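Everything on this sheet refers to the single structure shown next.
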Amino acid sequence: MRPRSAGRKQSKAGFTLIEVILVAVIIVLIGGIAIPNLSGSYRGAKLRSAASNIERIGRYGRGMSILREEPLTMVIDTERQLIYLGAAKQTATETSDGELDQEVLKRLGYIDGESSVEDPGIEKEISRPFPDGIIVDRFETETARLGADEIIYLIHFYPNGQCEGFELTLVDRADRKMQLESDPVSGKIFSYFEQ
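Residue numbering for the sequence shown is 159 to 353, as defined by my numbering.
This is how it looks when you write it as structure tokens:
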């Protein structure tokens with residue numbers, strides 16, 4: 159008996175060099191198309207994040223101001239990189255809450271140093287981070303116009319559902335700008351990229 163493979167050549171299993179090169183070219187083409195699209199989605203992410211945080215805290219502030227029937231204030235603190243909301247701090251009373259007042263300790267000399275951040279007098283109820291590398295370029299309300307040199311920006315929400323009308327421009331390191339505006343009557347905040 160003859161072996162089965164004696165009459166024909168044995169084929170070797172595997173890929174040819176052309177097949178491997180073709181697969182490599184296809185992978186490079188797909189990567190060349192997909193990577194720029196993915197990197198473009200991160201463009202302006204910090205701006206969108208900052209605007210989204212301001213909008214969310216604004217919505218929450220408007221709703222809580224209506225429910226509690228008291229004014230609330232949103233604070234954009236660029237030095238501490240924090241956005242927070244709360245009511246005005248209560249003034250000191252004759253009763254003690256059992257906690258040490260840090261300002262009194264500083265004044266008496268028990269704690270060294272001076273606070274570098276100005277205090278807007280607002281209790282922190284809810285807070286979100288203000289992304290690094292974002293600058294408040296312009297902040298206008300009905301009564302004030304502030305520039306990038308300020309540290310604290312305040313937005314007031316009232317118990318009737320209204321808020322202080324404002325326009326706010328955020329700028330990132332790549333000079334992209336996002337504009338935030340509020341409707342003073344409805345208290346809603348809108349954002350969009352500036353062209």
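Positions of the beta carbon are idealized from the N, C-alpha and C atoms, including for glycine.
Source: prediction; values computed, not measured.
Beta-carbon spacing of residue i, residue j below 7 Å
| i | j | result |
| --- | --- | --- |
| residue 225 | residue 245 | no |
| residue 300 | residue 247 | no |
| residue 243 | residue 232 | yes |
| residue 295 | residue 306 | yes |
| residue 315 | residue 220 | yes |
| residue 336 | residue 348 | no |
| residue 278 | residue 310 | yes |
Spatial neighbours of residue i in its chain, beta-carbon cut-off 6 Å, leaving aside the 5 residues before and after
| i | result |
| --- | --- |
| residue 341 | none |
| residue 339 | 325, 348 |
| residue 345 | 220, 319, 320, 321 |
| residue 302 | none |
Distance between residue j and residue i (C-alpha atoms, nearest Å)
| i | j | result |
| --- | --- | --- |
| residue 327 | residue 202 | 14 Å |
| residue 186 | residue 173 | 19 Å |
| residue 298 | residue 304 | 6 Å |
| residue 210 | residue 332 | 19 Å |
| residue 234 | residue 313 | 8 Å |
| residue 273 | residue 236 | Unreliable positioning characterises residue 273 in this predicted model, as indicated by a pLDDT of 48, which lies under 50. The coordinate reading is nonetheless provided below. Going from the Cα of residue 273 to the Cα of residue 236 covers about 15 Å. |
| residue 176 | residue 183 | 10 Å |
| residue 104 | residue 188 | The requested residue 104 is not part of the displayed model; the chain covers only 159 to 353. |
| residue 179 | residue 334 | 41 Å |
Residues near residue i by beta carbon distance below 7 Å, same chain, minus five either side
| i | result |
| --- | --- |
| residue 343 | 320 |
| residue 227 | 317 |
| residue 223 | 229, 230, 315, 316, 317 |
| residue 218 | 243, 284 |
Beta-carbon contacts of residue i that lie in its chain and below 8 Å, excluding the five residues immediately before and after
| i | result |
| --- | --- |
| residue 292 | 204, 205, 208, 328, 329, 330 |
| residue 170 | none |
According to DSSP, residues forming a beta bridge with residue i
| i | result |
| --- | --- |
| residue 171 | Partner(s): none; residue 171 has no beta bridge. |
| residue 237 | Answer is none; residue 237 lacks a bridge partner. |
| residue 186 | Per DSSP, none; premise fails for residue 186. |
| residue 246 | 280 |
| residue 349 | 338 |
| residue 329 | 293, 335 |
| residue 287 | 240 |
| residue 299 | 324 |
The stretch 201–220 in contact with the stretch 279–288 per 3-pair CB rule at 8 Å
yes
For the 8 Å Cβ check, are there 3 or more pairs between the stretch 176–195 and the stretch 316–323?
no
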